[in-house]
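Residue numbers (the working numbering): -17 to 439. Beta carbons are placed, not taken as given, at the ideal position from N, Cα and C, and that holds for glycine. Predicted model, so just to flag it, every value in this text is computed and none were measured. First comes the structure, then the notes that go with it.
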Amino acid sequence: MWKPPSAAEAIQKSRPRTQAAGKSIWRHYKVVKGSIYSDRPMQDSFRMRIWPYRVLGIGVSPQFRMLRSINHRLLSFEKSLQFCGYQEFESVMMLQELLDFQNDFCIHSERYSVSIMFSAIFGVRLVQLNHPTIKEFFEIWTEMLRYFQPGTLLVDYFPILNKLPERFQPWLRLARDLQKRESDLYQAFLVTLRAQIRAGTAPACFASEFFKLKENEDCSDDKAIGIFGMLIGAGADAMTSVIQNFFKIMAMNPRALQLDRVVGRSRLPSWEDQKDLPYLRALMKEVHRWAPIGTLGVPHAASEEDTDLGIPKGTILFPNLHALNRDPNVYENPDSFYPERFLGDDLDASTSLNQPDFRKRDHFHYGFGRRVCQGVFVAEASLYIAFSRIIWAFDISTVPGAPPLDLDDKTPGLITRPKPYSVRIEPRSDKARQVIQTAVSQAHSEIYDFDIVRAAG
């Protein structure tokens, strides 16, 4: 018969220490004992049972290493190059949306980000953000972020609550409901894609590459949905937040970005221009540094005692992204938005985040050690093509009479977004408008629109 533990037992056995990890800990973690701090604070939690294929949330284990290996092969630099056409197409569509409905720039950012992720994963693009199925996707993902990311529940800090009878664990009912809704949502995409693979007509996408891997030939739908759902949700949400921050930052920090010298005014920036746009690369780094999408990162946990730093086994560590990105010992005038600080830093995002010396990193937006973001190549390419084309095409400024813009006015959570705000977005010239309209008429996509797949499913 189950008996509740005493208060003393609960505190003694279940309560790990919690620390906000500053740069000294993260230096030690990355350089000396990276494996010690790669765990998650809920190694044996219900998340492992309900979402066993979510690499973000599971602890260090053979399952974690298997998922990390799959993501590494799917999200490599070489693989990401296959999807540049999707990013190019969606960026042109976003420019047209900004021409037509400037005040809805946050919605356009969201559609752009989600459509890129659906295109990259399933070879399916998203035309309308208000589609019922897409609304369902956002409702599910919002609930998951609110309740089920690492460190968001009381049970993460008091694991003994896992021993309660299930009727006293309401989070279990909600988690199972969300898992079923997500499975139902993605089933149509899997049915269509598997049929395309059998017919030899599958589009180039991560999912078709996934099923080409020998160990995934007989992969269950649950495994595929878990892996793909994680990539779509985390990628789209983070990318949306960065682009929405970008519009605010550009209005708060007006400056003339001289893309014209390299690109001219007769065409949009392209992938080939990136190497000749050092200021734009510096600006991207500074946006990541100055406006991370969360004050604290996803929590890590010490898998064993660190005797050097006096950190007990099981200690939960929240990486303090704000402190790391505003460290005055690393960044001069860290509270100022100053892209010029990165001129001469030619390291790409992947190379930078893997620097052994944390002081040589440009920012800490993409995580740490074994938990670095494996989708960095797709993310950076998507942000580059969006930033460069928005800056080329539009002037972004504050709205006269509107409340002052505040970077800290954002939603709470592990992944934050700016609360609703207004900026003025205007085409830089009639010529810019004409170039966009010409690009739209010439743009073409070799992937299906969302409704075609939905009907097939």
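Secondary structure of residue i, DSSP reduced to three states
i, result
"valine 422", "helix"
"proline 321", "helix"
"glutamate 287", "coil"
"phenylalanine 376", "strand"
"tyrosine 313", "coil"
"phenylalanine 71", "helix"
"arginine 410", "coil"
"leucine 57", "coil"
"histidine 304", "helix"
"proline 394", "coil"
"arginine 399", "coil"
"valine 14", "In this prediction, valine 14 has a pLDDT of 45, which is less than 50 and means its spatial position is unreliable; nothing more can be read from the coordinates."
"leucine 278", "strand"
"aspartate 327", "coil"
"arginine 107", "strand"
Sequence-distant residues of the same chain with beta carbon closer than 8 Å to residue i, five excluded per side
i, result
"arginine 50", "Val37, Arg352 and Gln356"
"lysine 295", "Ala284, Ser285, Glu286 and Glu287"
Chain-order list of residues whose beta-carbon lies under 7 Å from that of residue i (same chain, five-residue window excluded)
i, result
"methionine 266", "Leu365, Tyr366 and Phe369"
"arginine 371", "Ser73, Leu77, Leu250 and Pro251"
"arginine 490", "As displayed, the chain neither begins before -17 nor continues past 439, which places residue 490 out of reach and without an answer."
"arginine 341", "Val312"
"alanine 421", "Val74 and Leu250"
"valine 381", "Ser404, Val405 and Arg406"
"arginine 410", "Ala375, Phe376 and Asp377"
"leucine 154", "Phe28 and Glu148"
Cα-Cα separation between residue i and residue j, rounded to whole angstroms
i, j, result
"threonine 297", "threonine 333", "29 Å"
"tyrosine 403", "alanine 220", "18 Å"
"phenylalanine 104", "arginine 180", "15 Å"
"arginine 163", "alanine 102", "22 Å"
"glycine 326", "isoleucine 18", "34 Å"
"tyrosine 35", "glutamine 416", "46 Å"
"tryptophan 374", "arginine 55", "34 Å"
"phenylalanine 28", "isoleucine 418", "49 Å"
"leucine 127", "leucine 278", "14 Å"
"alanine 233", "arginine 176", "45 Å"
"serine 43", "aspartate 339", "26 Å"
"serine 62", "phenylalanine 359", "6 Å"
"phenylalanine 209", "threonine 398", "In the sequence under discussion, the amino acid at residue 209 is isoleucine, which differs from the phenylalanine named in the question. C-alpha separation (whole angstroms): 23 Å."
"leucine 146", "methionine 212", "28 Å"
"tryptophan 123", "lysine 230", "24 Å"
"threonine 174", "glutamate 191", "15 Å"
"glutamate 60", "asparagine 112", "33 Å"
"alanine 363", "glycine 349", "18 Å"
"valine 245", "glutamine 256", "10 Å"
"proline 310", "proline 316", "6 Å"
"leucine 299", "valine 280", "9 Å"
"aspartate 412", "cysteine 66", "28 Å"
"threonine 115", "glutamate 121", "10 Å"
"leucine 108", "alanine 184", "17 Å"
"glutamate 322", "tryptophan 253", "22 Å"
Cβ-based neighbour list, residue i, same chain, cut-off 6 Å, excluding 5 preceding and 5 following
i, result
"serine 449", "The structure shown does not extend to residue 449, since the chain is modelled only from -17 to 439, so the question has no answer here."
"valine 14", "Bear in mind that a pLDDT of 45 at valine 14, under 50, signals an unreliable position, so the number given afterwards is only what the model happens to contain. Correct list: empty, nothing qualifies."
"serine 91", "Thr222, Ile225 and Gln226"
"alanine 425", "Phe71 and Val74"
"glycine 217", "Met99 and Gly357"
"alanine 414", "Ala375"
"alanine 331", "Val358 and Glu362"
Opening and closing residue of the alpha helix (DSSP H) in which residue i lies
i, result
"phenylalanine 87", "87 to 104"
"glutamate 268", "260 to 272"
"glycine 211", "203 to 234"
"phenylalanine 350", "No alpha helix (DSSP H) holds phenylalanine 350; DSSP gives it neither H nor E."
"isoleucine 179", "152 to 181"
"proline 338", "Per DSSP, proline 338 belongs to no alpha helix (DSSP H) and is neither H nor E."
"lysine 117", "114 to 129"
"lysine 194", "188 to 194"
"isoleucine 40", "No alpha helix (DSSP H) holds isoleucine 40; DSSP gives it neither H nor E."
"aspartate 344", "Counting along the chain, aspartate 344 falls outside any alpha helix (DSSP H), and DSSP gives it neither H nor E."
"leucine 444", "No information on residue 444 is available, as it lies outside the stretch -17 to 439 that the chain covers here."
"isoleucine 32", "28 to 32"
"valine 244", "242 to 245"
Continuous beta strand (DSSP E) stretch holding residue i: start and end
i, result
"leucine 389", "No beta strand (DSSP E) holds leucine 389; DSSP gives it neither H nor E."
"proline 301", "298 to 301"
Would you be able to state if there are at least three C-beta pairs under 8 Å between the segment 302 to 310 and the segment 259 to 275? yes
When the Cβ atoms of the segment 162 to 179 are set against those of the segment 92 to 99, are three or more pairs found closer than 8 Å? no
Cβ contact check for the segment 44 to 62 and the segment 147 to 167: 3 or more pairs under 8 Å: no
Touching or not, the segment 386 to 398 and the segment 78 to 91, by the rule of three or more beta carbon pairs under 8 Å? no
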